[in-house]
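Input: a single structure, listed below in structure tokens.
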Amino acid sequence: GAGVSQSPRYKVAKRGQDVALRCDPISGHVSLFWYQQALGQGPEFLTYFQNEAQLDKSGLPSDRFFAERPEGSVSTLKIQRTQQEDSAVYLCASSHGTVQETQYFGPGTRLLVL
Amino acid sequence: AQSVTQLGSHVSVSEGALVLLRCNYSSSVPPYLFWYVQYPNQGLQLLLKYTSAATLVKGINGFEAEFKKSETSFHLTKPSAHMSDAAEYFCAVSPMTSGTYKYIFGTGTRLKVLA
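As they're listed, the protein sequences go chains U and B. For the first sequence, the positions run 4 to 117 when the numbering used here is used. For the second sequence, the positions run 464 to 578 when the numbering used here is used.
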């Protein structure tokens, strides 16, 4: 079956613009994660959903970052009033269950804020 | 707090030589451990994972890793490097005590394979 998909793959935004990044997890996967990967760094956790419930948002760097998964499948990460330090690759991952299982990663969205 | 240290941000090996990528974790309880590979402009692909079963874990593409509790290490090895192994490799830990089961990643090691 299809893997995790993300769109857009690339996004250029002017500082102060709002952006929305989409993640389509593997069908039937309960858990969904968002990570931020800065240039030359490892991915860092942003937030976690179990179905439609956002159970952990401890990694969101500011209140400009907001994520949702209203129907327990597709998720959107929204960044309001983008800043240059938001430039990074945003990775989405999903896993089948709610315990420690392999996370399957999408190709990421590369965001560049000018 | 849980953490992962990858020694060596860049590693170069000759084609056919042994690959050794180092990973040490910090955890009061042995966690689940993972190695992922990332090719340019692609997402992370799982190489192998340790889930408290066998300490020697075999993965895809000829890679393996050994969990050593006494050394808090989970180094990745491959007996003979291939040009196609050139990529960035990430070690990650998922703490057993975490209700989120989020991954904590190391900073990555970029592997270069010399012809």
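Just so you know, even glycine gets a beta-carbon here, dropped at the ideal spot from N, CA and C.
Cut-off 7 Å between Cβ atoms - residues of its own chain near residue i, not counting five sequence neighbours on either side
i, result
"Tyr-93(U)", "Leu-24, Trp-37, Gln-39, Leu-80, Gly-111, Thr-112 and Leu-114"
"Ser-475(B)", "Lys-575 and Leu-577"
"Leu-470(B)", "Arg-485"
"Ser-90(U)", "Leu-114, Leu-115 and Val-116"
"Gly-19(U)", "Arg-84 and Thr-85"
Three-state secondary structure (DSSP) of residue i
i, result
"Gln-87(U)", "helix"
"Asp-548(B)", "helix"
"Asp-27(U)", "strand"
"Tyr-502(B)", "coil"
"Ala-578(B)", "coil"
"Gln-20(U)", "coil"
"Tyr-513(B)", "strand"
"Gln-106(U)", "coil"
"Leu-507(B)", "strand"
"Val-15(U)", "strand"
"Val-482(B)", "strand"
"Tyr-495(B)", "strand"
"Ala-70(U)", "strand"
"Ser-65(U)", "coil"
Per DSSP, cross-strand counterpart(s) of residue i
i, result
"Asn-487(B)", "Thr-468(B) and Ser-536(B)"
"Glu-527(B)", "Lys-521(B) and Thr-540(B)"
"Thr-572(B)", "Tyr-552(B)"
"Tyr-38(U)", "Phe-48(U) and Leu-94(U)"
"Tyr-473(B)", "Strictly speaking, residue 473(B) in this sequence is His, with Tyr absent from that position. BP columns for His-473(B) point to Arg-573(B)."
"Thr-112(U)", "Tyr-93(U)"
"Leu-80(U)", "Leu-24(U) and Ala-70(U)"
"Ala-56(U)", "Gln-53(U)"
Contact list for residue i against chain U, beta-carbon separation under 8 Å
i, result
"Lys-565(B)", "Phe-36, Phe-48, Tyr-51, Asp-59 and Gly-62"
"Thr-468(B)", "Residues of chain U passing the Cβ test: none, with the nearest at roughly 11 Å."
"Ser-489(B)", "Correct list: empty, because the minimum Cβ distance to chain U is about 15 Å."
"Tyr-557(B)", "Reading off the sequence, residue 557(B) comes out as Ser, not Tyr. Result: Gln-103."
7 Å Cβ cut-off: residues of chain U touching residue i
i, result
"Phe-553(B)", "Gly-45"
"Lys-512(B)", "Thr-105"
"Tyr-495(B)", "Gln-103"
Proximal residues of chain B, C-beta to C-beta of residue i below 8 Å
i, result
"Leu-2(U)", "With chain U covering only 4 through 117, there is no way to say anything about residue 2(U)."
"Phe-108(U)", "Tyr-499, Gly-506, Leu-507 and Gln-508"
Cutoff 8 Å; reference residue i; Cβ partners in own chain excluding five residues on either side
i, result
"Lys-14(U)", "Val-22, Leu-24, Thr-112, Arg-113, Leu-114 and Leu-115"
"Pro-73(U)", "Glu-55"
"Tyr-513(B)", "Tyr-495, Leu-496, Phe-497, Val-520, Ala-528, Phe-530 and Phe-537"
"Gly-100(U)", "Val-33 and Ser-34"
"Val-77(U)", "Arg-25, Cys-26, Asp-27 and Pro-28"
"Ile-567(B)", "Gln-465, Ser-466, Val-467, Ala-555, Val-556, Ser-557 and Pro-558"
Cutoff 6 Å; reference residue i; Cβ partners in own chain excluding five residues on either side
i, result
"Leu-484(B)", "Leu-539, Tyr-552 and Thr-572"
"Pro-28(U)", "Val-7, Leu-35 and Ser-97"
"Ser-466(B)", "Ser-489"
"Leu-58(U)", "Tyr-51"
Contact set between residue i and chain B, taken where Cβ atoms lie within less than 7 Å
i, result
"Gly-111(U)", "Gly-506"
Neighbour list for residue i in chain U, Cβ cutoff strictly below 9 Å
i, result
"Gly-569(B)", "Gly-45"
Open item on the list: Closer than 8 Å is the cut-off here; do at least three beta carbon pairs connect the stretch 473-492 of chain B with the stretch 500-511 of chain B?
Closed with: no
Open item on the list: For the pair the stretch 515-525 of chain B and the stretch 538-548 of chain B, tell me if three or more CB-CB distances fall below 8 Å.
Closed with: yes
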